[in-house]
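Single-structure report; data block below.
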Amino acid sequence: MLPWKRSKVELAAGEARRQSKPKGYAVSVHYSALTSLARACPESALHRVGSMFRSKRRKFRVTSEDPTYTVLYLGNATTIQSKGEGCTDLAVCKIWSKSEAGRQGTKMKLTISAQGIRMAHAEDKGLRRPGHLYLLHRVTYCVADPRLPRVFAWIYRHELKHKAVMLRCHAVLVSKPEKAKAMALLLYQTSATALAEFRRLKKRDDARHQQQQLVGEQSIPLVPLRKLLNGQCCYKPPVERSRSAPKLGSITEDLLGEEQEERAMHCDCEDILEALGEPEGELLRPGSGRGESPEL
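Counting from 1271, one number per residue, gives the positions in the sequence shown under our numbering.
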């Protein structure tokens, strides 16, 4: 090889070695940049910078399931008092004696929710028997009986026909006394929370209605649809959803009855005219002095 060619090859190889960067060069550069940034920034700013590289995925529980208990429904009995200490003692004694000291009853699944107390049959083998829903605003009192610690009782205001009201005490038997106390406390807290929410929504609706009366319906915006669907309180359902609301049915037209009514009205008119002694045609006869204005 000629000398000038050899030197040219060695020169090109040396330039290639200088241009090639060692492994991990980018990592070391980033690390040095972060180190200098950490020295320059305070701890709070460094914490914000570090949070930029963290994952922002978090888990939230949107709706939790309502607590459900397996109970033995003992029965119910009428009572006079709606609330107060000791108002369930006599009724619970009657129920306890009828159920043979808790040996007779129906196994149920009891759920406490914002709507009230819902009970369904626990051993429902494809029969789909209807359950029971005790609305929250009609539950007047609940207690874990002090003499029978495993008995949870509540007083419910039943609405009968013609707006009649009957108070009945219902009782269930649970496995532990602590469970009965927890059920009574949960029902009390749920009722208080639902009542406060119901009052808040009622005040908001009343204020909106007053503004609409003063200013006008067009100037006040309507309630959003999402609030109408999801924001309503379950404490007291509207009248159209309650069981005491009047049931509306279809109105069928009775053509035969209408014809009979028209004939009866026509006959009544003829009887009145005959009683007056004038035929029906004279009422509108010209020149008879009836049915037209006098000539001027």
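For every residue, glycine included, the Cβ atom is placed at its ideal position computed from N, Cα and C.
Min CB distance residue i to chain B below 8 angstroms
i: residue 1477; result: Here there is only one protein chain, and chain B is not present.
First and last residue of the uninterrupted beta strand (DSSP E) at residue i
i: residue 1363; result: Per DSSP, residue 1363 belongs to no beta strand (DSSP E); it is in the alpha helix (DSSP H), 1359-1368.
i: residue 1387; result: 1386-1391
i: residue 1340; result: 1338-1348
i: residue 1402; result: 1402-1405
i: residue 1379; result: 1376-1382
Expected contact under 8 angstroms - CB spacing of residue i and residue j to nearest Å
i: residue 1454; j: residue 1414; result: 5 angstroms
i: residue 1438; j: residue 1346; result: 5 angstroms
i: residue 1384; j: residue 1406; result: 7 angstroms
i: residue 1619; j: residue 1358; result: This structure cannot speak to residue 1619, because the chain is shown only from 1271 to 1566.
i: residue 1450; j: residue 1422; result: 4 angstroms
i: residue 1381; j: residue 1336; result: 5 angstroms
i: residue 1352; j: residue 1427; result: 7 angstroms
Residue i, buried or exposed, once every other Cβ within 10 Å from all chains shown has been counted against 16
i: residue 1386; result: buried
i: residue 1260; result: An answer regarding residue 1260 cannot be provided, because it is not within the stretch 1271 to 1566 covered by the chain.
i: residue 1302; result: exposed
i: residue 1338; result: exposed
i: residue 1334; result: exposed
i: residue 1246; result: Lying outside 1271 to 1566, the shown extent of the chain, residue 1246 is not represented and no answer is given.
i: residue 1350; result: exposed
i: residue 1444; result: buried
i: residue 1485; result: exposed
i: residue 1340; result: exposed
i: residue 1361; result: buried
i: residue 1464; result: buried
i: residue 1378; result: buried
i: residue 1568; result: Outside the shown range of the chain (1271 to 1566) lies residue 1568, about which nothing can therefore be said.
i: residue 1430; result: exposed
i: residue 1367; result: exposed
i: residue 1369; result: buried
i: residue 1432; result: exposed
i: residue 1536; result: exposed
i: residue 1520; result: The pLDDT assigned to residue 1520 is 47, lower than 50, so where the model puts this residue is not dependable, and the model offers no usable value.
Helix, strand or coil at residue i according to DSSP, with G and I counted as helix
i: residue 1334; result: coil
i: residue 1536; result: helix
Item to check | Start-end ranges of the beta strand (DSSP E) lying completely within the stretch 1415-1495, minimum 3 residues | outcome: 1421-1429 and 1435-1443
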